């Protein structure tokens, strides 16, 4: 089954134009050094803008002036070209007739609403500034793949079929019929968004004409009807590396859904799930299994065959082995897909009590038991120790 990850749309909020109203040094206004990074400048601006914003200063004209100074300094110093001009020529670069050619705030308080684009832009993925609309990357897809333990340990090449959106070939993903081109939207002038102002606030909204694309397709492609992509089932070859485990993901870059109007495709994630095995249990790179052994082998010792993923292997059982004893077979586990370290096979022996005994076998067991005598502490120390402890427990209760 294919799962679609919906891409979260980002909200971009536009900044207002620059104002030339102070001759104070821009770096001094923001409290940063002349070699400050754009990130440091942005952090300083956010702190000061929140401090001096008119909504917080109750009409204080002096603080309102400081807010304008902070905003002007920020807009100059975060524009690489303007910052270079300022560093070279100072304020003269932006005086009337200078290279900057900047206008003022226009004297309206509505411009203060743009603070939300600068201070909160990062939260919505914007970061402020006038931007052209960006193409929306296609959605990521997830493909669930079930593997046997053997397949996961050894790795394999698998072909999968993925229903998805792919770029339209006749229009090369543009959405426009061959020989024509999309035109810039006249409503948003290619920005993909329009600004709505109400008092102090400026809210950026998706352009109702081009629906955020920044372009209008007047002559759409006949195959994709202007979307730039069509539905198709792709056959992909996936290489499953040896050692993967449940929860591992394999990323196939660019194999997700194609974006609209030629936008980049998303990624395909193959989610691995390893089925339970009849013999082995996997924990990290080690394998565990229970091996039944006979009463005689446990008592006298011997050599048994145990299963491994590479075939049968010999395991030596020492005499007087107790049930539950763990034996480690080094290097018989799983090779890590990340570090390459080889895990171990850990065998837990379980002594199987004989069943369906005939008379002769019963007599032999009775004879064995009688040969041990009444004092069985030498032959069965755990049993004797247990009952000694029980006796002491009840004796203590009666005191």
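In our numbering, the protein residues as written are -13 to 385.
No residue lacks a Cβ here, since even glycine has one placed at the ideal position from N, Cα and C.
Please read these numbers as outputs of a predicted model, since none were measured by experiment.
- Rounded to the nearest whole angstrom, the C-alpha separation of residue 189 and residue 178 is 14 Å.
- Secondary structure of residue 176 (DSSP, three-state): coil.
- Bounds of the alpha helix (DSSP H) holding residue 138 are 135 to 140.
- Counting only residues of its own chain and dropping the five nearest sequence neighbours on each side, residue 131 has a CB closer than 6 Å to the CB of 256, 258.
- Fully enclosed alpha helix (DSSP H) runs of no fewer than 4 residues occupy 281 to 286 of the segment 279 to 321, in order along the chain.
- Going by beta carbons, residue 223 and residue 148 fall outside the 9 Å limit.
- In the structure shown, residue 35 falls within a helical segment according to DSSP collapsed to helix, strand and coil.
- Going by DSSP, residue 23 is part of no alpha helix (DSSP H) at all; its letter is neither H nor E.
- When the five nearest sequence neighbours on each side are left out, the beta carbons in the same chain lying within less than 6 Å of the beta carbon of residue 274 are those of 267, 332, in order along the chain.
- Two segments are said to touch when three or more pairs of C-beta atoms, one from each, lie closer than 8 Å; by this definition the segment 166 to 177 does not touch the segment 290 to 307.
- Non-local C-beta neighbours of residue 321 in its own chain, meaning closer than 8 Å and more than five positions away in sequence, comprise 139, 228, 229, 271, 327, 328, 329, ordered along the chain.
- Annotated three-state conformation of residue 149 is strand, per DSSP.
- Using a Cβ-Cβ distance cut-off of 8 Å, the segment 206 to 224 and the segment 159 to 166 are in contact, since at least three pairs of beta carbons, one from each stretch, lie closer than that value.
- Comparing alpha carbon positions, the residue from 10, 69, 291, 62 closest to residue 52 is 10.
- Minimum Cα-Cα distance from residue 191 among the listed residues 311, 284, 181 corresponds to 181.
- Contact between residue 249 and residue 128 does not hold, since their C-beta atoms are separated by about 20 Å, which reaches or exceeds 8 Å.
- A direct Cα-to-Cα measurement between residue 305 and residue 137 gives close to 37 Å.
- No residue range can be given for residue 343, since it is assigned to no alpha helix (DSSP H) and is classified by DSSP as neither H nor E.
- Put simply, of 20, 381, 203, 336 the residue whose alpha carbon is nearest the alpha carbon of residue 292 is 336.
- Straight across, the Cα-Cα distance linking residue 280 with residue 134 is about 31 Å.
- Within the same chain, and ignoring the five residues on either side of residue 287 in sequence, the residues whose Cβ sits closer than 6 Å to its Cβ are 303, 304, 305.
- Boundaries of the beta strand (DSSP E) harbouring residue 219: 215 to 226, taken from the DSSP string.
- Taken through DSSP and simplified to helix, strand or coil, residue 192 comes out as strand.
- Nearest in C-alpha terms to residue 58, of all of 40, 74, 35, 46, is 35.
- Excluding residues up to 5 positions away in sequence, 13 lie with their Cβ nearer than 6 Å to the Cβ of residue 20 in the same chain.
- Residue 76 and residue 15 have their C-alpha atoms some 14 Å from each other.
- DSSP places residue 258 in the uninterrupted beta strand (DSSP E) bounded by 254 to 260.
- DSSP places residue 334 inside the beta strand (DSSP E), whose first and last residues are 331 to 338.
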